[in-house]
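Reading through the structure tokens given below for one structure.
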Amino acid sequence: MSLTKLQIPPIDRKEWELIVTRKSSFKFKIFVLQIMNDELHRKIKTGELKKEPAIEMLYILCLKYAISAQNDLEVVFKKW
Amino acid sequence: MSARIQENKLLDIQTTVELILGGRVLVIWGEEALLKSLPSGNWIGGTLPYFYLKNEGGRMEEERVFVTDFTETIIDFKILTLNQETLSSVSSTAFENGFSFLILPAYSQIYYSFALNVKNYDNLYKNPLMGLVAGAKLDELQKGQLPKIFNGETMLTLENEAVVLHCALLPSRVSRLEIINIYEPSNDDYIEVFEDTFKVRDCLINGELTNLYQYLVDKQIPTIQPLICDYAGAKINVSFQLLLKDTQEVVFYGPLFKNRRYFFSKEIQSYHQAFLEKVRGIMDEETSIVFNSNSILNYMYGELDKNDIGFSGPAAFGEIAYYLLNQTFTYLAIDE
């Protein structure tokens, strides 16, 4: 599978916000996405970070792990 | 298992010297005297004498060193020595695409600093930050022997600094750091602490102020299995180190953080069996694994000197997978 042929859902999809705010019960299987999402959620809760930059940071990391995150992302986003 | 697993192994000194002189990029573990006898080159290392070995049982090794050769995986590398002030830049000094292998000496100030502060390091999640905590023979540690780490480029032997090997990958390749934790939270009593700490006296258990030492004694809770905290699906272990009767304190190998809930783990009869069951499905989904490590506690309690878990690697005094982990198997996978 080539990296360039893989895509992840657009950043304006509302599911990204559900993930970083943990309003969705979804949990990533990839370790770094789990711990980063945990950290982003905690920072949003304490006001250290706003939702928009948190979503952007998660999006960028998902883009890096586009190959292995495909199954995870399909669970949440279904199609894109 | 369908994943291609890089064979990292124990090598005699002569073979290791040849690899170093051949310009290979290596991470080397072994006894202090063995590491000191090696020539300068593209390597980092640390004192660690315990290894679990595929097909032959694990051992404490005094004559050979355990070598991981990253040369064929990477396209560039750099080795840095970091102190307590510069350690927070560890991820920022990495390549754009690659991974970083960090070694810390156990129970040093820099080890405690890393464990407590790493979550605030800049660019932490940009590339995998993996690595191990160096140790020593258990009886020598008890006598005060200090773990050592080595920067093979400068041939510096260090006791309170960190060394990192930054590796770059081709743009078509991505490295991914994963953990296998066989322990599961019991979902009964949970612990909360008042500050980020390695040592707990009073804490909240199910919301009630409790002396943790007395609680463990009264309930006769075995401390060979870790506490577990959920990080959005990742199960992070914190292992018990000591129960101090005089001060009524409990000391841990990793930090407990405030505003988190720590659960006791469900009892496991056989680490070895539980690991094999868990790893089977995971390895079917991986294509390439270039490094793995396990914990000295899993090595001891799981008797990995007798039980083969299908991998070879060092048994560390703490595993680094972005954070400091305890009692956890870690591995670095490559996707392309």
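Protein sequences, first through last, are from chains A and B.
Quick note on our numbering: the first sequence kicks off at 116 and runs consecutively.
Quick note on our numbering: the second sequence kicks off at 1340 and runs consecutively.
In this text, a Cβ means the ideal position worked out from N, Cα and C, and glycines have one as well.
- Just measuring C-alpha positions, the residue of B/L1663, B/T1386, B/N1459, B/F1603 sitting nearest A/L164 is B/N1459.
- Judged by DSSP secondary structure, B/Q1580 falls within the beta strand (DSSP E) whose first and last residues are 1579-1583.
- Residue contact with chain A for B/K1458: present (Cβ-Cβ distance below 8 Å to some residue of chain A).
- With respect to the 8 Å criterion, B/D1415 and B/F1390 are not classified as neighbours on the basis of their beta carbons.
- Residue environment for B/R1619: exposed (fewer than 16 other C-beta atoms within 10 angstroms of its C-beta).
- Contact annotation: the stretch 1599-1606 of chain B does not touch the stretch 1618-1637 of chain B, with fewer than three C-beta pairs closer than 8 Å.
- The beta carbon of B/E1517 falls within 8 Å of a beta carbon belonging to chain A, placing the residue at that interface.
- Rounded to whole angstroms, A/R157 and B/C1542 show a C-alpha spacing of 21 Å.
- Closest in C-alpha terms to B/P1486, from the list B/Y1662, B/L1349, B/D1644, B/L1387, comes B/L1387.
- Counting the other Cβ atoms within 10 Å of the Cβ of B/P1467 gives 16 or more, which makes it buried.
- With the rule of 3 Cβ pairs closer than 8 Å, the stretch 1521-1529 of chain B does not count as touching the stretch 1413-1432 of chain B.
- Following the DSSP letters along the chain, one finds B/A1433 in no beta strand (DSSP E), marked with neither H nor E.
- Cβ neighbours of B/E1534 within its own chain (closer than 8 Å, five residues either side excluded): K1597.
- Contact between the stretch 1403-1421 of chain B and the stretch 1362-1370 of chain B is present: three or more C-beta pairs spanning the two stretches fall below 8 Å.
- No residue range can be given for A/F141, since it is assigned to no beta strand (DSSP E) and is classified by DSSP as neither H nor E.
- Boundaries of the beta strand (DSSP E) harbouring B/F1489: 1488-1490, taken from the DSSP string.
- Look at the stretch 1498-1524 of chain B: the residues with a C-beta under 9 Å from a C-beta of chain A are P1510, S1511, R1512, V1513, R1515, L1516, E1517, I1518.
- Within chain A, R137, K142, F143, Q149, I150, N152, D153, H156 have C-beta atoms less than 8 Å from the C-beta of B/A1571, given in sequence order.
- Assignment of B/T1586 by DSSP, reduced to helix, strand and coil, places it in the coil class.
- Remark: C-beta atoms of A/L173 and A/V147 do not approach each other more closely than 8 Å.
- Excluding residues up to 5 positions away in sequence, P1388 lie with their Cβ nearer than 6 Å to the Cβ of B/K1476 in the same chain.
- The beta carbons of B/N1394 and B/S1427 sit no closer together than 8 Å.
- Short of 6 Å from the beta carbon of B/L1392, and not among the five residues preceding or following it, lie these beta carbons of its own chain, in chain order: S1651.
- Contact with chain B is absent for A/I123, since none of that chain's Cβ atoms lies less than 8 Å from the residue's Cβ.
- In this structure, the CA atom of B/C1506 is about 8 Å from the CA atom of B/N1436.
- Taking 9 Å as the upper bound on Cβ-Cβ separation, chain A lies near residues N1436 of the stretch 1430-1453 of chain B.
- Just so you know, the alpha carbons of B/E1424 and B/F1591 end up roughly 24 Å apart.
- B/A1655 places its beta carbon 8 Å or farther from that of B/M1469.
- The three-state reading of DSSP puts A/W131 in helix, counting H, G and I together.
- Identification of residues in the stretch 1640-1658 of chain B having a C-beta nearer than 7 Å to some C-beta of chain A yields an empty set.
- Taking 8 Å as the threshold, the shortest C-beta distance from B/A1660 to chain A falls below it.
- Taking all protein chains shown into account, A/M151 has 16 or more neighbouring C-beta atoms within 10 Å of its C-beta and is therefore buried.
- Per DSSP, B/G1385 is one residue of the beta strand (DSSP E) stretching across 1382-1386.
- What B/D1674 touches in chain A, judged by beta-carbon distance under 8 Å, is Y180, I182, S183, going in chain order.
- Between B/S1632 and B/E1606, the CB-CB gap reaches or exceeds 8 Å.
- Beyond the five residues adjoining it in sequence on each side, B/L1373 comes within less than 7 Å, by CB distance, of I1352, V1404 in the same chain, given in chain order.
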